[in-house]
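For what it's worth, the UniProt record's numbering labels the leading residue of the sequence shown as 1, then goes sequentially.
Ideal Cβ positions, reconstructed from N, Cα and C, are used throughout, including at glycine.
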Amino acid sequence: MKNWFSHSSGELPPFIHNRRLRRIMLFIALIVIYGIVISFLYNIVVSAILIVISVLGLIYTIVMMNEMSTDTNQYISDLSYRIHRGEQESLLEMPIGVMILNADGLIEWTNPYLTRYFNNENILGKRIEDVDHDLQQLIMKYEESDEFHTVTWREHKFTMLIQSEYHSIYMLDITRYANLEERYEEEQISVGQIFLDNYDEITQSMTDQEISNLSNYVTNELATWSKKYGMYLKQIDDDHFFLLAYAKSLTAIENDKFNILDIVRESTSKQNFPLTLSIGISYGEDDLNSLADQAQSNLDLALGRGGDQVVVKSLDGTARFYGGKTNPMEKRTRVRARMISQALNELMGDADQIFVQGHTRPDMDSLGACMGIRRIAQMNNKKCWIVLDKEKVHSDIQRLLEASKKYPEISDSIITPSEALAKVTDSSLLIMVDHSKPSISISPDLYQRMTQKVVIIDHHRRGEEFPENPMLVYIEPYASSTCELITEMFEYQPHEEEPINRIEATAMLTGIFIDTQSFSMRTGTRTFDAASYLRSAGADSTEMQQLMKENIDNYLQRNHLISMVEFFHKDMAMIVGEEDRVYDPVTAAQACDSLLTMSGVDASFIITKRSDGKIGVSARSTGSINVQIIMERMGGGGHLSSGATQIENKSIAEVKQLLLETIDYIEDNE
């Protein structure tokens, strides 16, 4: 009470500063006064007693309120102190590095946690660049971002946050967790399938001892290779191995470009038994069954591209290719051709009608193959429709169509894509010739309608885009042309039916002739056998010359393109068309072919604008340079010695720069 009265001489009692307590006190005082006034009206003695009690109660209430207010203020003060002290201790002791800079970029303060990364040196008042150049580069890189970034600094990994408005940098050391994550990623399982491409063909002429020596050599090389990179290898068959590897091992062998391919090929070649490997590897899945299926699919892709190469691909990822630097070895036999023919005949027998289509902007090999399939279907008493967009064909195809009018059964079988969609049924069969990419089919819509009834016959290396569930696949990259593959099938067709006629034989022989550049490239003994058969079936060399004739406009365009040739990389030539001029793709490809006849040119490229607005790139080589991988990296595909791609939304100059960068990249990473 004495303390309370002491406030009357100076400052107000503490509770007066509290608005809520002040209102409560005022309410109590009013009630007391009101009660005293009422009591005076009835009894003075009672009123006097009530006044004494009220004054004592009021004094007690004020004292209690003062104590409550004082205790509350003290609690708040203590809490504020503890919070402030906690903040200071947190900045000093918490496992997060904190650095504060002033407006001039000088280090104002760092907490002890971060100071130890500077070896406990005194860095206050110094500039970042004078203390640590690497840290300065990181700050400059992320100073405009208000997000967390994972960075590497002083052999540690940190999560960094920069608050530019406060000139503050926060760094959390996550090295331990990053190492755990890295280890987890490195120990992901990869599954591989290894196949000896031509083992059966090579060992046919070898003695048992030679076969044993060859098998031992290959097994030892693969075992040494797998042990070097910490992989598990198991031989399944004479020509088949199973591989298990961690992701870190896969990264290592990818960095080494799968040199095992070169080791086996070169060593066996010196022994006159040239053996090559094909490998399919999958990764990125927890389900081992899915990994095994994907690995087999990747191996099929490698074999479909000609073998002697590796395909690495996750279930939903993009395929990476290694090897494939040599021409594919001839692996098809007449037994395989007979088996394919019989399988095709059975599929035709189960279909109510056949549709055959080539690729967009068809060439002689494409349309000749379609005519060959139509004849095979007729030999099997099945109706076959050739799907063709007559509005988008080159002059040689136009001449062939004109010549085929003398054969009504052929000309009447040629229909448009819209007519094909109207005729197709669920029991129909679609045969894709001279291509395996649905996106470049003459009618992608027809393919989408018949995805479960598709047959593929092609001589190009299989690309990443491929039908999901084809009923039959006959891809032989060694073959000169699709017409060569189909010609071999005629031997295994019913002989009582009408054989191939003159215009069909002429078209197919022209397709072989053009694709082999007058039998100068990609030819084998089987190529000449097929040509001989077609010649004996009535192929007319005079009519071939008529079909291959160029009109004057195309001839002048080709010569104009050749006149713009420029040389680079010593053994490469390039033609770059004008930005505002459209060239026929076939004419451009012919100009590209012509460059290979020049001395010192091992690879040629041509870049021109197409009528559809895309920029077309064609590539050719003598075989010493793999133009396929160049075109694949640019989104296209083809053969080791022939490839092409089309690029959208870029100018001629941009595509030229892209081509040069792609060539440099591939040369640097070989």
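Subject >> Identified DSSP bridge partners for W385 >> reply: Here residue 385 is taken as the residue at index 385 of the sequence shown, counted from 1. According to DSSP, residue pairing for W385 in a beta bridge involves F355.
Original post:
Near L171, which residues of its chain fall below 6 Å by C-beta distance, leaving aside the five closest residues on each side in sequence?
Top reply: As a first step, residue 171 is located in the sequence shown; it is residue number 171 there, counting from the start. Note that residue 171 is Met in the sequence shown here, rather than Leu. Short of 6 Å from the beta carbon of M171, and not among the five residues preceding or following it, lie these beta carbons of its own chain, in chain order: G97, F158 and M160.
Subject >> Selection from W385, A48, N216 and I629 that minimises the alpha carbon distance to P408 >> reply: As a first step, residue 408 must be located in the sequence shown, where it is residue number 408. Closest option to P408, Cα to Cα, is W385.
**OP:** Give the DSSP-derived three-state secondary structure of S480 in the structure shown.
**Re:** Counted from its first residue, the sequence shown places residue 480 at position 480. Coil.
Subject >> Per-residue DSSP class, three states only, for V264 >> reply: By one-based count along the sequence shown, residue 264 stands at place 264. Here V264 sits in helix by DSSP.
Original post:
How is the alpha helix (DSSP H) around V586 delimited, first residue to last?
Top reply: On the sequence shown, residue 586 is found 586 positions in, with the first residue counted as 1. From DSSP, the alpha helix (DSSP H) with V586 extends over P585 to L595.
Subject >> Rounded straight-line distance, which links the Cα of T506 to that of L534 >> reply: Along the sequence shown, one-based indexing puts residue 534 at 534. Along the sequence shown, one-based indexing puts residue 506 at 506. One C-alpha to the other measures close to 7 Å.
Subject >> Exposure label - G358; buried when at least 16 CB within 10 Å >> reply: The residue given as residue 358 occupies position 358 in the sequence shown. Around the beta carbon of G358, 16 or more other beta carbons sit within 10 angstroms, so the residue counts as buried.
Original post:
Thinking C-beta only, is E484 closer than 8 Å to T527?
Top reply: As a first step, residue 527 is located in the sequence shown; it is residue number 527 there, counting from the start. As a first step, residue 484 is located in the sequence shown; it is residue number 484 there, counting from the start. Yes. Within cutoff.
Subject >> Whole-angstrom distance between Y283 and M231, CA atom to CA atom >> reply: Stepping through the sequence shown from its first residue, residue 231 is reached at position 231. Stepping through the sequence shown from its first residue, residue 283 is reached at position 283. In a straight line, the C-alpha of M231 is about 14 Å away from that of Y283.
**OP:** Reducing DSSP to helix, strand and coil, say where H560 ends up.
**Re:** In the sequence shown, counting from the first residue as 1, residue 560 sits at position 560. Residue state, collapsed to three classes: helix.
Subject >> Check whether I309 and A319 have beta carbons under 8 Å apart >> reply: Position 309 of the sequence shown, counting from 1, holds the residue named residue 309. Position 319 of the sequence shown, counting from 1, holds the residue named residue 319. First, the amino acid is wrong: residue 309 is Gln here, not Ile. Q309 is not a Cβ neighbour of A319, given a cutoff of 8 Å.
**OP:** Identify, in the order they occur along the chain, each residue of the same chain with its Cβ nearer than 7 Å to the Cβ of K453, setting aside the five sequence neighbours on each side.
**Re:** Indexing the sequence shown from 1 puts residue 453 at position 453. Taken in chain order, the residues that qualify are S428, L429, L430 and M471.
**OP:** Starting from I647, trace the beta strand (DSSP E) both ways and give me its first and last residue.
**Re:** Indexing the sequence shown from 1 puts residue 647 at position 647. Per DSSP, I647 is one residue of the beta strand (DSSP E) stretching across S642 to I647.
**OP:** Find the nearest neighbour of residue 675 within the set S621, I615, I139 and T587, judged by alpha-carbon distance.
**Re:** Look at the range of the chain in this structure, 1 to 670, and you will see that residue 675 is not part of it.
Original post:
If you run the structure through DSSP and keep just helix, strand and coil, what is A539?
Top reply: Along the sequence shown, read from residue 1 onward, the residue named residue 539 stands at position 539. Note: A539 maps to coil in three-state DSSP.
Original post:
Taking buried to mean at least 16 other C-beta atoms within 10 Å of its own C-beta, is L114 buried or exposed?
Top reply: Counting from one through the sequence shown, the residue named residue 114 turns up at place 114. Counting Cβ neighbours within 10 Å, L114 comes out buried, since at least 16 surround it.
**OP:** Inspect the beta-carbon positions of D238 and S269 and report whether they are closer than 8 Å.
**Re:** As a working mapping, residue 238 is identified with position 238 in the sequence shown. As a working mapping, residue 269 is identified with position 269 in the sequence shown. Their beta carbons are not under 8 Å apart, which means D238 does not touch S269 by this criterion.
Original post:
Mind checking C592: buried by the 16 CB within 10 Å criterion, or exposed?
Top reply: The residue labelled residue 592 in the question sits at position 592 within the sequence shown. Burial of C592 is indicated by the presence of at least 16 other C-beta atoms within 10 angstroms of its C-beta.
Original post:
What three-state label does DSSP hand K656 in the structure shown?
Top reply: Translated into positions along the sequence shown, residue 656 becomes position 656. In this structure, K656 counts as helix in the three-state DSSP scheme.
Original post:
Hey, is the segment 567-575 in contact with the segment 602-619, meaning 3+ C-beta pairs nearer than 8 Å?
Top reply: The segment 567-575 vs the segment 602-619: in contact.
Subject >> Continuous alpha helix (DSSP H) assignments of at least 4 residues falling wholly in the UniProt domain "GGDEF" (187-315) >> reply: As far as the UniProt domain "GGDEF" (187-315) is concerned, its whole alpha helix (DSSP H) runs of at least 4 residues are 199-203, 208-228, 247-255, 260-270 and 288-304.
**OP:** Can you grab the Cα-Cα spacing for the pair S518 / M544, in whole Å?
**Re:** Taking the sequence shown and counting its residues from 1, one reaches residue 518 at position 518. Taking the sequence shown and counting its residues from 1, one reaches residue 544 at position 544. If I take the Cα positions, the gap works out to 12 Å.
Original post:
Around the Cβ of G372, are there at least 16 other Cβ atoms within 10 angstroms (buried) or fewer (exposed)?
Top reply: As a position in the sequence shown, residue 372 is number 372, starting the count at 1. The residue in question, G372, is buried, as its Cβ has 16 or more Cβ neighbours within 10 Å.
Original post:
Under 8 Å, do M508 and I376 count as touching if we go by C-beta distance?
Top reply: Within the sequence shown, numbered from 1, the residue matching residue 508 stands at position 508. Within the sequence shown, numbered from 1, the residue matching residue 376 stands at position 376. No.
Subject >> C-beta contact flag for I107 and I123 at 8 Å >> reply: Translated into the one-based positions of the sequence shown, residue 107 becomes position 107. Translated into the one-based positions of the sequence shown, residue 123 becomes position 123. Taking 8 Å as the Cβ cut-off, I107 and I123 qualify as a contacting pair.
Subject >> V387 burial status per 10 Å Cβ neighbour count (16 or more: buried) >> reply: In the sequence shown, counting from the first residue as 1, residue 387 sits at position 387. Counting the other CB atoms within 10 Å of its CB gives V387 a total of 16 or more, which places it among the buried residues.
**OP:** Quick one: residues in its chain with C-beta nearer than 7 Å to the C-beta of A608, no 5 flanking neighbours on either side, listed in chain order?
**Re:** To locate residue 608, count along the sequence shown from 1; it is residue 608. It is Thr, not Ala, that sits at residue 608 in the sequence shown. The residues are G577, Y583, A588 and G616.
**OP:** Taking only the alpha-carbon atoms, compute the straight-line gap between W4 and N66 and give it to the nearest angstrom.
**Re:** Counting from one through the sequence shown, the residue named residue 4 turns up at place 4. Counting from one through the sequence shown, the residue named residue 66 turns up at place 66. The pLDDT assigned to W4 is 42, lower than 50, so where the model puts this residue is not dependable, and the model offers no usable value.
Original post:
Using a Cβ-Cβ cut-off of 8 Å (strictly less than) and excluding sequence neighbours within five positions of S651, which residues of its own chain qualify?
Top reply: Sequence index remark: in the sequence shown, residue 651 carries index 651 (1-based). Here the set comprises E579 and I615.
**OP:** Would you please state the rounded distance, in angstroms, between the beta carbons of S641 and G623? I believe it to be under 8 Å.
**Re:** As a first step, residue 641 is located in the sequence shown; it is residue number 641 there, counting from the start. As a first step, residue 623 is located in the sequence shown; it is residue number 623 there, counting from the start. The beta-carbon distance between S641 and G623, rounded to whole angstroms, is 5 Å. This is short enough to meet the 8 Å contact definition.
Original post:
Which of helix, strand or coil does DSSP assign to S9?
Top reply: The residue labelled residue 9 in the question sits at position 9 within the sequence shown. In this prediction, S9 scores a pLDDT of 44, lower than 50, which makes its location untrustworthy; the coordinate-derived value is nonetheless stated afterwards. Note: S9 maps to helix in three-state DSSP.
Original post:
Terminal residues of the continuous beta strand (DSSP E) containing Y42?
Top reply: By one-based count along the sequence shown, residue 42 stands at place 42. Secondary structure note for Y42: it is in no beta strand (DSSP E), with a DSSP letter that is neither H nor E.
Original post:
Can you list, in chain order, the residues of its chain whose CB lies under 7 Å from that of R154, leaving out five sequence neighbours each side?
Top reply: The count along the sequence shown starts at 1 and reaches residue 154 at position 154. Once the five neighbours on either side are set aside, the close Cβ partners of R154 are Y117.
Original post:
In chain order, what residues of the same chain have a beta carbon less than 6 Å from the beta carbon of S9, not counting five sequence neighbours either side?
Top reply: As a position in the sequence shown, residue 9 is number 9, starting the count at 1. Caution applies to S9, whose pLDDT of 44 falls short of 50 and renders its modelled position unreliable; the value that the coordinates give is listed next. Here S9 has no same chain residue with a Cβ atom under 6 Å from its own Cβ, once five neighbours each way along the sequence are excluded.
Subject >> T527 in three-state terms, based on DSSP >> reply: In the sequence shown, residue 527 corresponds to position 527, counting from 1. DSSP places T527 in helix when its eight states are reduced to three.
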